[in-house]
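There are 2 protein chains.
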Amino acid sequence: MVELKQDTENKILEAAKIVFLQKGMDGARMQEIADEAGINKALLHYYFRSKEKLFEAVFKDVLGDFFPKISEVMLSDLHLFDKIKHFVKEYSNLLYGKPYIPGFIIMEVNRNPQAITNYFSSYAEKIAKANLPALAKQILEMSKNGEIRPVDPRHLIMSMLSMIVFPIISKPIVKVILFQNNDEDYNQFLQQRADYVSDMIINSIKIK
Amino acid sequence: MVELKQDTENKILEAAKIVFLQKGMDGARMQEIADEAGINKALLHYYFRSKEKLFEAVFKDVLGDFFPKISEVMLSDLHLFDKIKHFVKEYSNLLYGKPYIPGFIIMEVNRNPQAITNYFSSYAEKIAKANLPALAKQILEMSKNGEIRPVDPRHLIMSMLSMIVFPIISKPIVKVILFQNNDEDYNQFLQQRADYVSDMIINSIKIK
DNA sequence: GTCTATACACTGATAGAC
DNA sequence: GTCTATCAGTGTATAGAC
Chain A
10 MVELKQDTEN KILEAAKIVF LQKGMDGARM QEIADEAGIN KALLHYYFRS KEKLFEAVFK
70 DVLGDFFPKI SEVMLSDLHL FDKIKHFVKE YSNLLYGKPY IPGFIIMEVN RNPQAITNYF
130 SSYAEKIAKA NLPALAKQIL EMSKNGEIRP VDPRHLIMSM LSMIVFPIIS KPIVKVILFQ
190 NNDEDYNQFL QQRADYVSDM IINSIKIK
Chain B
10 MVELKQDTEN KILEAAKIVF LQKGMDGARM QEIADEAGIN KALLHYYFRS KEKLFEAVFK
70 DVLGDFFPKI SEVMLSDLHL FDKIKHFVKE YSNLLYGKPY IPGFIIMEVN RNPQAITNYF
130 SSYAEKIAKA NLPALAKQIL EMSKNGEIRP VDPRHLIMSM LSMIVFPIIS KPIVKVILFQ
190 NNDEDYNQFL QQRADYVSDM IINSIKIK
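Chains as they are written, first to last, in our numbering: chain A, 10 to 217; chain B, 10 to 217.
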């Protein structure tokens with residue numbers, strides 16, 4: 010094989026992502042990652058010293074795809090209702106395309122809660138000092154104008170995240186309980202859900 | 010040790026529960042379970058033939074604590090709003106006491122989605138034939154009376170579950186992102202949340 | 001950079017004494 | 001029923017040839 014270093018490294022990372030996302034850190038096997046990448050086990054250690062390091066690289070990569078989006082929309086100068094609609098729509102679509110990722114993150118963070126603190130301390134600071142106050146201000150003004158009932162911005166964000174993410178990570182369970190394990194029905198349900206969630210959240214704060 | 014068979018078996022189950030809940034099937038070690046139970050590794054295999062069998066026993070046990078509650082409240086003859094309040098309150102309290110369980114279930118179901126189908130096929134049938142129609146009927150009547158806007162009962166259930174469960178399983182992440190990793194703030198937030206969720210869901214369907 | 005071969009540690013499981 | 005000792009298998013990691 011006449012591969013450039015960069016290419017092999019990426020090939021490994023992609024393979025590792027596939028295996029780690031499905032099996033998790035503990036369940037994944039270096040052999041399986043090597044097979045998936047079409048290379049040898051020893052090469053994994055040549056590029057990433059250990060399984061732990063390889064996992065770390067994958068984890069950071071995965072996280073980077075998802076969390077910045079949370080604050081992105083929140084900082085825009087859209088009308089609050091449009092912010093909500095936009096965020097729900099964007100995030101839903103993002104997740105429907107990569108449904109295995111939220112469960113993976115939750116699983117791994119639960120396994121090692123310490124790690125998350127390190128990865129996100131700077132990011133959390135940004136949200137605390139920019140996003141939350143901006144959102145709080147917007148909410149306060151609207152409630153003064155009698156357009157909405159006042160609401161804690163953290164509850165608002167938590168509600169949106171909950172209603173978007175939970176149906177994805179709980180799919181195998183809820184699909185059985187509420188949809189007799191019918192995959193098509195469940196996917197259709199998910200597709201309706203983005204609009205339903207936007208309406209629900211807006212309705213809950215709107216003064217009619 | 011002069012222990013009765015029953016006692017040792019329960020001691021093992023409790024120890025296994027502790028370890029499996031924290032580490033998951035793949036991360037758990039038989040040695041650690043034995044230590045936790047204060048007995049020897051060989052005894053684990055004497056009582057439960059294999060790690061897989063032991064895990065299965067723990068998993069079924071854990072599931073049994075949580076899912077029957079979902080349909081219980083739904084079948085009562087309470088007013089819809091009271092049903093919602095009651096369910097949210099009960100389920101929240103249940104989860105706050107055992108916060109590690111939802112994440113565990115989701116992790117393991119993701120690892121082996123096939124298993125869940127077997128465990129819950131009969132239960133899912135019951136919900137499909139009794140709970141959902143009953144709830145749908147109640148919603149239909151109230152919307153005819155002009156009390157609420159019509160809503161798909163599955164969306165309603167999904168919303169409640171999402172808003173209750175997600176803040177628990179995502180705690181390590183959200184606590185860092187929105188609460189600067191302050192545990193006390195987060196717990197306080199969770200305690201307010203049950204009332205917030207009830208109000209929000211009711212407000213979203215109520216016609217004022 | 002990439003491979004084969006292998007070292008080394010760990011883990012689930014069993015055998016056998018008490 | 002409970003223990004100690006041990007086996008067999010598997011997994012991460014390294015050595016060394018090309």
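From the three backbone atoms N, C-alpha and C, an ideal C-beta is built for every residue, glycine too.
On a predicted model such as this, the values are computed, not experimentally measured, just so you know.
- Would you kindly report the start and end of the unbroken alpha helix (DSSP H) that includes Tyr-128(B)? Where Tyr-128(B) is concerned, the enclosing alpha helix (DSSP H) stretches over 122 to 135.
- What residues of chain A sit near Gly-36(B), judged by a beta carbon separation below 7 Å? The CB of Gly-36(B) comes closer than 7 Å to the CB of Asp-35 and Arg-120 in chain A, given here in chain order.
- Cβ neighbour criterion (16 or more within 10 Å) applied to Ile-110(B): By the neighbour-count rule (16 or more Cβ atoms within 10 Å), Ile-110(B) is buried.
- If you follow the alpha helix (DSSP H) that Ser-80(A) is part of, which residue opens it and which one closes it? Element bounds for Ser-80(A): 77 to 84.
- Measuring alpha carbon to alpha carbon, tell me which of Lys-215(B), Leu-199(B) and Asn-212(B) ends up nearest Asn-102(B). Measuring from the Cα of Asn-102(B), the nearest candidate turns out to be Leu-199(B).
- Task: Check the Cβ of Gln-189(A) against every Cβ in chain B and list those closer than 9 Å, keeping chain order.
- Result: Here the neighbours are Ser-130, Ala-133, Glu-134 and Ala-137.
- Query: When you compare each of Glu-61(B), Ile-173(B), Glu-81(B) and Arg-163(B) to Ala-124(B) by their alpha carbons, which one comes out closest?
  - Reply: Just measuring C-alpha positions, the residue of Glu-61(B), Ile-173(B), Glu-81(B) and Arg-163(B) sitting nearest Ala-124(B) is Glu-61(B).
- Message: Rounded to the nearest angstrom, what separates Asp-161(B) and Leu-89(B) at their Cα positions?
- Response: Using only the alpha carbons, I get a separation of about 14 Å.
- For Lys-215(B), which residues does DSSP report across the bridge? DSSP, once it has assigned bridges, lists Ile-157(B) as partnering Lys-215(B).
- Task: Would you check if there are 3 or more beta carbon pairs closer than 8 Å linking the region 48 to 64 of chain A to the region 15 to 29 of chain A?
- Result: The region 48 to 64 of chain A is in contact with the region 15 to 29 of chain A.
- Item | Gln-189(A): first and last residue of the uninterrupted alpha helix (DSSP H) it sits in | Gln-189(A) -> no alpha helix (DSSP H), and no H or E assigned at all.
- Message: Here's the rule: buried if 16 or more other CB atoms are within 10 angstroms of the residue's CB, otherwise exposed. What is Gly-6(B)?
- Response: Only positions 10 to 217 of chain B appear in this structure, which leaves residue 6(B) out of reach.
- Message: Going by C-alpha to C-alpha distance, which of Arg-158(A), Phe-175(A) and Lys-184(A) sits closest to Ile-214(A)?
- Response: For the residues Arg-158(A), Phe-175(A) and Lys-184(A), the minimum Cα distance to Ile-214(A) belongs to Arg-158(A).
- In terms of residues, what are the limits of the alpha helix (DSSP H) holding Tyr-100(B)? Counting along the chain, the unbroken alpha helix (DSSP H) around Tyr-100(B) starts and ends at 89 to 106.
- Message: Please identify the residue among Pro-176(A), Asn-119(A) and Asp-192(A) whose C-alpha is closest to the C-alpha of Val-205(A).
- Response: The amino acid occupying residue 205(A) in the given sequence is Tyr; Val does not appear at that position. Comparing Cα-Cα distances from Tyr-205(A) to each of Pro-176(A), Asn-119(A) and Asp-192(A), the minimum goes to Pro-176(A).
- Task: Compile a chain-ordered list of the residues in the region 103 to 118 of chain B whose CB is closer than 9 Å to at least one CB of chain A.
- Result: Per Cβ criterion, the list reads Tyr-109, Pro-111, Gly-112, Phe-113, Ile-114, Ile-115, Met-116 and Val-118.
- Residues of the region 66 to 83 of chain A with Cβ closer than 7 Å to any Cβ of chain B, in chain order: Flagged: no residues at all.
- What in chain A is Cβ-close to Pro-176(B), meaning under 8 Å? Within chain A, Met-167 and Ser-171 have C-beta atoms less than 8 Å from the C-beta of Pro-176(B), given in sequence order.
- Message: Judging by CA-CA distance, which residue of Glu-193(A), Met-83(A) and Phe-29(A) is the nearest neighbour of Leu-170(A)?
- Response: Here the closest residue by C-alpha is Met-83(A).
- Have a look at Ala-219(B) and Pro-142(A) and give me their C-alpha separation to the nearest angstrom. No answer is possible for residue 219(B): the residues shown for chain B start at 10 and end at 217.
- chain B beta carbons: is any one of them nearer than 9 Å to that of Phe-198(A)? Cβ-Cβ to chain B under 9 Å: yes for Phe-198(A).
- Closer than 7 Å at the beta carbon, the chain A residues around Thr-126(B): Simply Val-185 and Asn-190.
- Under the rule that 16 or more other beta-carbon atoms within 10 Å means buried, what is Ile-115(A), buried or exposed? Burial state of Ile-115(A) is buried, judged by a 10 Å Cβ sphere holding 16 or more other Cβ atoms.
- Can at least three beta-carbon pairs, one atom from the region 174 to 190 of chain B and one from the region 124 to 138 of chain A, be found at a separation below 8 Å? Put simply, the region 174 to 190 of chain B touches the region 124 to 138 of chain A. At least three CB pairs are less than 8 Å apart.
- Query: When the cut-off is 9 Å and only beta carbons count, does Pro-142(A) lie next to chain B?
  - Reply: No, its Cβ sits nowhere closer than 9 Å to a Cβ of chain B.
- Tell me which same chain residues have a C-beta within less than 7 Å of the C-beta of Lys-173(A), skipping the five on either side of it? Note that residue 173(A) is Ile in the sequence shown here, rather than Lys. So the list reads Val-97, Tyr-100, Ser-101, Leu-104 and Val-206, once near-sequence residues are dropped.
- Can you tell me whether DSSP reads Phe-198(A) as helix, strand or coil? Shown here, Phe-198(A) sits in a helix according to DSSP, grouped into three states.
- Under a CB-based cut-off of 9 Å, is Gln-201(B) close to chain A? Yes, contact with chain A.
- Looking at C-alpha atoms only, which residue of Gly-73(B), Ala-51(B), Ile-211(B) and Phe-64(B) is the closest neighbour of Asn-121(B)? Checking every option, the nearest Cα to that of Asn-121(B) belongs to Phe-64(B).
- Task: Quick one: list the residues of chain A neighbouring Met-39(B), beta-carbon separation under 8 Å, in chain order.
- Result: Simply none; closest approach about 14 Å.
- Under the rule that 16 or more other beta-carbon atoms within 10 Å means buried, what is Ser-78(B), buried or exposed? Checking the sequence, you will find Lys at residue 78(B) rather than Ser. So Lys-78(B) ends up on the exposed side.
- Does any C-beta atom of chain B lie closer than 9 Å to the C-beta of Glu-61(A)? No - not a single Cβ of chain B is within 9 Å of the one on Glu-61(A).
- Message: I need the straight-line Cα distance from Ser-179(A) to Ile-166(B), nearest angstrom please.
- Response: Spanning the two alpha carbons is a distance of roughly 13 Å.
- What do you get for Pro-108(B), buried or exposed, if any count of 16 or more other CB atoms within 10 angstroms of its CB means buried? Exposed is the call here.
- Query: In chain order, what residues of the same chain lie with their CB nearer than 7 Å to the CB of Ala-24(A), ignoring the 5 residues before and after it?
  - Reply: The answer, listed in chain order, is Ile-42, Glu-45 and Ala-46.
- Item | Rounded straight-line distance, which links the Cα of Ile-93(B) to that of Asp-220(B) | Only positions 10 to 217 of chain B appear in this structure, which leaves residue 220(B) out of reach.
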